[in-house]
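S.K.: Below: one structure in structure tokens.
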Amino acid sequence: HRVQRTTVAGGNGQGSAADQLSGPMVPAVEQAPDGSVVAYLVTDSGNHRVQRCAPADIGACTTVAGGNGQGGAANQLDSPQGIALEQASTSNSSTSSACTAAGGGSAAAIDVSARSAQAVS
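Numbering-wise (my numbering), the sequence shown opens with residue 1 and increments by one.
This is the structure:
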């Protein structure tokens, strides 16, 4: 239960800890304006969450959506199966990122920079 090119998330067995996954799906890559990797966003279907993982530290993952059990409330996801990431460069050369995670009849719009999520229909 991990996402691997080299391991970028998980790798410590199946589970719900920050360094564990349960049913990970294809990750999205959050990039800086210069193309370097800022973070990996992984839909963790079995834990009903989206994890944002730092590229340099496998254990440094935080939940940016869901993680509060399966469901359709604003702070829940229902077995997310995929993620779409939209990035926009701002005038000061920083990048803002937003993504949508969907699956199991629910979806969440996620402001990756603010690490907040909102359920969408």
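Even for Gly, the Cβ is constructed at its ideal location relative to N, Cα and C. The model shown is predicted, which means the values in this text are computed figures rather than measured ones.
Could you name the residues of the same chain whose beta carbon sits closer than 7 Å to that of A60, not counting the 5 residues immediately before and after it, in chain order?
M.R.: C53, A54.
S.K.: In whole angstroms, give me the CA-to-CA distance for N92 and N75.
M.R.: Caution applies to N92, whose pLDDT of 47 falls short of 50 and renders its modelled position unreliable; the value that the coordinates give is listed next. Distance between the alpha carbons of N92 and N75 is about 32 Å.
S.K.: Output the distance between the C-alpha atoms of A84 and V8, rounded to the nearest integer angstrom.
M.R.: Rounded to the nearest angstrom, the two C-alpha atoms are 18 Å apart.
S.K.: Could you check the C-alpha separation between Q51 and Q20 for me, to the nearest Å?
M.R.: Whole-angstrom Cα-Cα distance: 10 Å.
S.K.: Over the uninterrupted beta strand (DSSP E) stretch that includes V8, give me the two end residues.
M.R.: Element bounds for V8: 7-10.
S.K.: Taking the DSSP output, what are the residues bridged to G66?
M.R.: BP columns for G66 point to R49.
S.K.: Report back the beta-carbon spacing between G72 and H48 to the nearest angstrom; my notes put them in contact at under 8 Å.
M.R.: Not a contact, Cβ separation roughly 11 Å.
S.K.: Would you kindly report the start and end of the unbroken beta strand (DSSP E) that includes D44?
M.R.: Looking at the DSSP string, the run of the beta strand (DSSP E) that includes D44 is 37-44.
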